[in-house]
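**Q** For the sequence shown, the UniProt record's numbering gives the first residue as 1, with consecutive numbering after it.
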Amino acid sequence: MEIEKSPAGWASQQSDAIQRARDSGGSPGLARMDQLAGKSGRAILEAMMSGELPYPPMNETMNMTLLEVGDGRAVFQGIPLLQHYNPLGTVHGGWFATLLDSALGCAVQTTLPIGRSYTTAELSINIVRPASQRTGPLRAVATVLHRGGQMATAEARVEDEKGRLYAHATTTCFVFKAQAA
1 MEIEKSPAGW ASQQSDAIQR ARDSGGSPGL ARMDQLAGKS GRAILEAMMS GELPYPPMNE
61 TMNMTLLEVG DGRAVFQGIP LLQHYNPLGT VHGGWFATLL DSALGCAVQT TLPIGRSYTT
121 AELSINIVRP ASQRTGPLRA VATVLHRGGQ MATAEARVED EKGRLYAHAT TTCFVFKAQA
181 A
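What follows is the structure, encoded as structure tokens:
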């Protein structure tokens, strides 16, 4: 599912994506195993985006949304708020880490067949520009570099609407058989 190119800007795209999911019954929560059964990793993410499955509650806390998925690709967007600040008056590194880990993990998830899952084994982040609530939307675009039977690697960049780089990251994920409920 690709995001539509909109002249309204990134903030509007994020708001529209959230509203589409809510209009279809989407809400924060945890999917039950029976809801996930028979779905590939990508199908699970698409069901969350469409409102068929609940989306992670953390998305509301971090003010971020999954906007797009493709084969080996995921796009998350977040808008930093005052509640995401560190004591020095800029967005906390953990906010960047969450945005990047989410995009990276979901990119890996798009490659998983039915019955497979993953977890982050390693995450390496470089924050190259500070962000604040005045920064506006920041988008993490992640792509899978390698997916084997047990390990996957991916990379991502966080940029603003003008294409300025704020952070970049790589991950290694452990891929395993999903456990039954």
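Ideal Cβ placement from N, Cα and C applies to all residues, glycine included.
Between the region 141-153 and the region 82-99, are three or more C-beta pairs nearer than 8 Å?
**A** No, the region 141-153 is not in contact with the region 82-99.
**Q** Going by DSSP, what residue range makes up the alpha helix (DSSP H) through Glu60?
**A** First-last of the alpha helix (DSSP H) with Glu60: 58-62.
**Q** If you draw a straight line from the C-alpha of Ala169 to the C-alpha of Asn126, how long is it?
**A** Their Cα atoms are separated by approximately 6 Å.
**Q** How do the region 78-93 and the region 130-139 stand: do at least 3 beta-carbon pairs fall below 8 Å, yes or no?
**A** With the cut-off at 8 Å, the region 78-93 and the region 130-139 touch.
**Q** Could you pull out every residue in the same chain whose Cβ sits closer than 6 Å to the Cβ of Ile51, ignoring the five residues on either side in sequence?
**A** With the sequence shown as reference, residue 51 is identified as Gly, and Ile is not the correct amino acid for it. Excluding sequence neighbours, Gly51 sits near Ala21, Ser24, Gly25, Gly26.
**Q** Can you give me the C-alpha to C-alpha distance between Leu160 and Val75, rounded to a whole angstrom?
**A** Note that residue 160 is Asp in the sequence shown, not Leu. Whole-angstrom Cα-Cα distance: 13 Å.
**Q** Give me the Cα-Cα distance between Gly38 and Pro113, rounded to the nearest whole angstrom.
**A** In a straight line, the C-alpha of Gly38 is about 9 Å away from that of Pro113.
**Q** Name the residue from Thr61, Val141, Ser12 whose alpha carbon lies nearest to the alpha carbon of Tyr166.
**A** The shortest C-alpha separation from Tyr166 is found at Val141.
**Q** Assuming Leu45 contacts Thr110 under a Cβ cut-off of 8 Å, what Cβ separation, rounded to an integer in Å, is found between them?
**A** Contact flag correct, Cβ pair sits at about 7 Å.
**Q** Which class does Glu161 belong to by DSSP, given the choice of helix, strand or coil?
**A** If DSSP states are grouped into helix, strand and coil, Glu161 belongs with coil.
**Q** In the DSSP output, which residue or residues are listed as bridge partners for Ala142?
**A** According to DSSP, Ala142 bridges with Ala74, Ala156.
**Q** Can you list, in chain order, the residues of its chain with a C-beta nearer than 7 Å to that of Tyr85? Leave out the 5 residues immediately preceding and following it.
**A** Only Val91, His92 meet the Cβ criterion.
**Q** DSSP three-state call for residue 195: helix, strand or coil?
**A** This structure cannot settle anything about residue 195, because the visible part of the chain is limited to 1 through 181.
**Q** Give me the Cα-Cα distance between Leu30 and Pro54, rounded to the nearest whole angstrom.
**A** Rounded to whole angstroms, Leu30 to Pro54 spans 6 Å at the Cα level.
**Q** What residues in its chain sit with their C-beta under 8 Å from that of Lys177, if we drop five residues either side in the sequence?
**A** Same-chain partners within the cutoff: Gly115, Arg116, Ser117.
**Q** One question on the structure: do Gln77 and Met64 come within less than 8 Å of each other, judged by their Cβ atoms?
**A** In this structure, Met64 lies closer than 8 Å to Gln77 by Cβ.
**Q** Please report how far the alpha carbon of Pro57 lies from the alpha carbon of Leu104, in whole angstroms.
**A** Between Pro57 and Leu104, the C-alpha separation is close to 18 Å.
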